[in-house]
Amino acid sequence: MLDSYFKITERGSTVAREVRGGFVTFFTMAYIVALNPLIIGLSKDVNG
Numbered sequence: 010m011l012d013s014y015f016k017i018t019e020r021g022s023t024v025a026r027e028v029r030g031g032f033v034t035f036f037t038m039a040y041i042v043a044l045n046p047l048i049i050g051l052s053k054d055v056n057g
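Using our numbering, the letters of the sequence shown correspond one by one to residues 10 to 57.
This is the structure in structure tokens:
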């Protein structure tokens, strides 16, 4: 069903590869959202 709707195999991919890519993207963005405030919070304020 997904393959026929999105034409995944016609574009040279597989459903498993697309799902894996989605998970990798999601967890990468979640890591960045969690880590970014920590990095900003540890930086010193140069204006006082």
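Beta carbons are placed, not taken as given, at the ideal position from N, Cα and C, and that holds for glycine.
Nearest-angstrom Cα separation, counted from F36 out to E7
Look at the range of the chain in this structure, 10 to 57, and you will see that residue 7 is not part of it.
Quick check: what's the CA-CA separation for T34 versus T23?
In this model, T34 and T23 are separated by some 17 Å (Cα to Cα).
Where M10 and K53 are concerned, what is the direct C-alpha to C-alpha distance, given to the nearest angstrom?
Approximately 53 Å between the Cα atoms of the pair.
Rounded to a whole number of angstroms, what is the C-alpha to C-alpha distance between I49 and R29?
Near 30 Å, if we compare the C-alpha coordinates of R29 and I49.
Which first and last residues belong to the alpha helix (DSSP H) in which M38 is found?
Counting along the chain, the alpha helix (DSSP H) containing M38 begins and ends at 24-51.
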